[in-house]
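Since the structure comes first, as structure tokens, the remarks are kept for the end.
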């Protein structure tokens, strides 16, 4: 093994650490702010309500006006710093509960009840554009006009004959180790066999795959080939920069149609990640559709972080799909620590996807630091065939 001197080792450790940062004054934080980010499920914010949220190390107020429009503004009132979500909604605006200062969706103060009329025009708090798509709320937190929304769209979610299922969890670890996990096809052969073998572990079995990676216009195409007796399974992941991953997964029980799912590994801050999933399930019959929706409703409140101790004691949920796969990934990723110690890793040939991702992230960070134009990421012209089988021939 090549010996690395202390100075070089420290430099590499610092370079790796910078990949995990999310604040707006960091290079990685600036890269992340060039994109739309999912922040919440639409169903979590009812009309006329507000909630506190956190994204990219920034505290914010997410509220839905009484007319149904969603807005995202700063967490605190400009007056005395009280949290705005503790106030109330009036029309399309939010009023602070402390002294009644009111703000519109652009962050502009529109009323200061105890002050001189007209003086509110000089007061403004931060605000960001939002967009709802397929039951998920997205925001753009960068400078200037937001980019085209096309990169996060999924054609499967816009087709007739499918219904959409959304899910959210928050985990106590850095976003990058969750993102790297999605570019690690080998872990499927081991982590998803733990506890019990569910629908996913049966459909994508334990044979170690041959893997390949290619940078695309949208991110990275990951291909995992497993030879299963007389046929070969080819499973593709369309991974979208900076952290979205689109794959297909089996249904809950044998015979159910496969679903296309996009998982976003959204940075809350350096030590927490939101996992938001959007599934497009083919509609088959009213009875089957209702059964699948009921199953996902039952899984809705499951967050692996709430079962930390029992999972690390080896007690996995007795569940065929959603809760089980979540728990298996949770143990693997949280087991790396809140922020994985990448400087102590021993990577191998099977980690090519992770190495590729890090090189791309460093490239994009270098562009930010030097003022060069970053890559103009765009949605694939044609989505990949995400799963297929090839019969072996002599």
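In our numbering, the protein residues as written are 56 to 449.
Backbone N, C-alpha and C define an ideal beta-carbon position, used for all residues, glycine too.
Where does residue i land, buried or exposed, given buried means 16+ other C-beta within 10 angstroms?
{"i": "residue 437", "result": "exposed"}
{"i": "residue 444", "result": "exposed"}
{"i": "residue 239", "result": "buried"}
{"i": "residue 211", "result": "buried"}
{"i": "residue 101", "result": "exposed"}
{"i": "residue 418", "result": "exposed"}
{"i": "residue 66", "result": "exposed"}
{"i": "residue 412", "result": "buried"}
{"i": "residue 449", "result": "The pLDDT assigned to residue 449 is 47, lower than 50, so where the model puts this residue is not dependable; a value taken from the coordinates is nonetheless given after this. By the 10 Å Cβ count, residue 449 comes out exposed."}
{"i": "residue 133", "result": "buried"}
{"i": "residue 392", "result": "exposed"}
{"i": "residue 168", "result": "exposed"}
{"i": "residue 90", "result": "buried"}
{"i": "residue 269", "result": "exposed"}
{"i": "residue 341", "result": "exposed"}
{"i": "residue 57", "result": "Any reading at residue 57 needs caution, since the residue's pLDDT is 42, under 50, leaving its predicted position unreliable; the model's value is listed next. Answer is exposed; the Cβ neighbour count stays below 16."}
{"i": "residue 366", "result": "buried"}
{"i": "residue 374", "result": "buried"}
{"i": "residue 315", "result": "buried"}
{"i": "residue 430", "result": "exposed"}
{"i": "residue 381", "result": "buried"}
{"i": "residue 397", "result": "buried"}
{"i": "residue 141", "result": "exposed"}
{"i": "residue 121", "result": "exposed"}
{"i": "residue 383", "result": "buried"}
{"i": "residue 235", "result": "buried"}
{"i": "residue 290", "result": "buried"}
Check the C-beta distance from residue i over to residue j and give it rounded, since I have them as a contact under 8 Å.
{"i": "residue 325", "j": "residue 394", "result": "7 Å"}
{"i": "residue 131", "j": "residue 125", "result": "Contact flag wrong, Cβ pair sits at about 19 Å."}
{"i": "residue 304", "j": "residue 255", "result": "6 Å"}
{"i": "residue 107", "j": "residue 138", "result": "6 Å"}
{"i": "residue 83", "j": "residue 420", "result": "6 Å"}
{"i": "residue 410", "j": "residue 241", "result": "With 8 Å as the limit, residue 410 and residue 241 do not qualify as a contact, their Cβ atoms being about 13 Å apart."}
{"i": "residue 279", "j": "residue 264", "result": "4 Å"}
{"i": "residue 97", "j": "residue 191", "result": "7 Å"}
{"i": "residue 432", "j": "residue 322", "result": "17 Å between Cβ atoms; not a contact."}
{"i": "residue 194", "j": "residue 92", "result": "6 Å"}
{"i": "residue 74", "j": "residue 272", "result": "Wrong, their Cβ atoms sit about 22 Å apart, outside the cutoff."}
Taking residue i as the reference, give the member of the options with the closest Cα.
{"i": "residue 337", "options": "84, 214 and 97", "result": "214"}
{"i": "residue 225", "options": "218, 233 and 219", "result": "233"}
{"i": "residue 112", "options": "378, 85 and 380", "result": "85"}
{"i": "residue 370", "options": "251, 196 and 390", "result": "251"}
{"i": "residue 295", "options": "284, 312, 286 and 277", "result": "277"}
{"i": "residue 176", "options": "182, 170, 185 and 165", "result": "165"}
{"i": "residue 94", "options": "344, 109, 103 and 80", "result": "109"}
{"i": "residue 148", "options": "160, 156, 141 and 140", "result": "160"}
{"i": "residue 206", "options": "289, 71, 319 and 141", "result": "319"}
{"i": "residue 77", "options": "196, 155, 121 and 141", "result": "196"}
{"i": "residue 202", "options": "70, 123 and 186", "result": "186"}
{"i": "residue 313", "options": "105, 259, 116 and 136", "result": "259"}
{"i": "residue 261", "options": "253, 267 and 268", "result": "253"}
{"i": "residue 388", "options": "372, 359 and 399", "result": "359"}
{"i": "residue 284", "options": "71, 105 and 446", "result": "446"}
{"i": "residue 162", "options": "199, 116, 170 and 142", "result": "116"}
{"i": "residue 302", "options": "329, 334, 308 and 327", "result": "334"}
{"i": "residue 353", "options": "188, 275, 140 and 220", "result": "220"}
{"i": "residue 368", "options": "245, 266, 434 and 385", "result": "385"}
{"i": "residue 208", "options": "188, 223 and 200", "result": "188"}
Going by DSSP, what residue range makes up the alpha helix (DSSP H) through residue i?
{"i": "residue 354", "result": "341-354"}
{"i": "residue 230", "result": "230-236"}
{"i": "residue 389", "result": "377-389"}
{"i": "residue 117", "result": "Taken as a continuous stretch (DSSP letters only), residue 117 belongs to no alpha helix (DSSP H), being part of the beta strand (DSSP E) at 113-119."}
{"i": "residue 435", "result": "Residue 435 -> no alpha helix (DSSP H), and no H or E assigned at all."}
{"i": "residue 257", "result": "254-258"}
{"i": "residue 365", "result": "363-367"}
{"i": "residue 82", "result": "82-87"}
Let's see if you can read the secondary structure: which residues bound the beta strand (DSSP E) around residue i?
{"i": "residue 442", "result": "442-446"}
{"i": "residue 298", "result": "Run containing residue 298: none; DSSP gives neither H nor E here."}
{"i": "residue 417", "result": "Here residue 417 belongs to no beta strand (DSSP E); instead the alpha helix (DSSP H) covers 407-425."}
{"i": "residue 314", "result": "314-324"}
{"i": "residue 327", "result": "327-337"}
{"i": "residue 270", "result": "265-270"}
{"i": "residue 105", "result": "104-110"}
{"i": "residue 400", "result": "That residue, residue 400, is in no beta strand (DSSP E); it is neither H nor E in DSSP."}
{"i": "residue 74", "result": "From DSSP, residue 74 is part of no beta strand (DSSP E); its letter is neither H nor E."}
{"i": "residue 280", "result": "274-283"}
{"i": "residue 166", "result": "164-166"}
{"i": "residue 92", "result": "91-96"}
*asked:* Threshold first: 4 residues or longer. Then list the alpha helix (DSSP H) segments lying entirely within the stretch 128-152, N to C.
replied: none
_Segments assigned beta strand (DSSP E), at least 3 residues, entirely inside the stretch 184-249_ = Restricted to the stretch 184-249, the beta strand (DSSP E) segments that are unbroken, complete and at least 3 residues in length are 185-188, 191-195 and 217-226, listed in chain order.
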